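To start, the structure under review is shown below, and the notes come after it.
Numbering (the numbering used here), first residue to last: 115 to 276.
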């Protein structure tokens with residue numbers, strides 16, 4: 115995707131395990147990756163991160179979606195497995211030593227994160243599609259479901275990884 119008016123051809127519909135991003139998760143995931151690049155794939159990830167199994171996967175998803183962390187292995191698509199590393203953006207924002215806002219206290223940081231969520235490559239495909247392409251300002255669950263089904267049928271690559 116090179117333009118906000120194009121249909122995304124990568125990303126994921128359901129890798130957030132039904133969790134919206136929670137306060138502290140981005141910092142927790144970023145710091146975890148700095149201490150152990152395989153943290154999300156270890157047997158003790160639940161203990162290290164202090165959250166449940168599904169939350170571990172959700173933290174990884176949202177870290178990748180907000181471009182705070184990324185896969186260490188180069189790939190043609192966004193990866194949600196294997197060793198991870200902090201991104202340049204993640205380091206600038208969340209570093210304990212000289213990060214812009216490590217604890218996300220400035221409201222401007224939330225705007226920056228929302229903007230970064232929709233900068234290609236987009237991992238949170240459902241939100242990009244619903245808000246940018248379908249212009250769903252007010253919608254029911256059924257409206258959103260129909261729109262996402264249309265998107266999934268139009269771009270087979272999405273359903274393969276979701």
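Using N, Cα and C, we set each Cβ at its ideal position, and we do this for glycine too. Bear in mind the structure is a predicted one, so any value in this text is a computation, not a measurement.
Which residues in the same chain have their Cβ closer than 7 Å to the Cβ of residue i, if we skip the five residues on either side of it in sequence?
i	result
residue 201	181, 182, 183, 184
residue 152	197
residue 176	130, 135, 139, 140
residue 154	170, 174, 198
residue 146	153, 162, 163
residue 167	160
With residue i as the anchor, note down where its beta strand (DSSP E) starts and where it stops.
i	result
residue 136	It is not in any beta strand (DSSP E) - residue 136 carries neither H nor E in the DSSP assignment.
residue 184	183 to 185
Evaluate residue i with the Cβ neighbour count: other Cβ atoms within 10 Å of its Cβ, from every protein chain shown; 16 or more gives buried, anything less gives exposed.
i	result
residue 211	exposed
residue 227	buried
residue 204	buried
residue 233	exposed
residue 142	buried
residue 190	For residue 190, the predicted structure reports a pLDDT of 46, less than 50, and the residue's modelled location is therefore unreliable. A value from the coordinates is still provided. The residue in question, residue 190, is exposed, as its Cβ has fewer than 16 Cβ neighbours within 10 Å.
Residue range of the alpha helix (DSSP H) that residue i falls in?
i	result
residue 204	202 to 208
residue 177	167 to 179
residue 226	221 to 231
residue 160	159 to 163
Going by DSSP, name the residue or residues bridged to residue i.
i	result
residue 199	184
Keeping to the same chain, check which residues put their C-beta closer than 6 Å to that of residue i; ignore five residues upstream and five downstream.
i	result
residue 238	179, 231
residue 213	207
residue 222	none
residue 260	none
Ordered along the chain, which non-local residues of its own chain (more than five positions away) have a Cβ less than 8 Å from that of residue i?
i	result
residue 148	200
residue 144	177, 182, 183, 200, 204, 208
residue 224	218
residue 186	151, 196, 197, 198, 199
residue 66	Since the first residue of the chain shown is 115 and the last is 276, residue 66 is not available in this structure.
residue 157	none
Touching by the beta-carbon criterion (3+ pairs, under 8 Å), the segment 214 to 222 and the segment 164 to 171: Too few Cβ pairs lie closer than 8 Å, so no.
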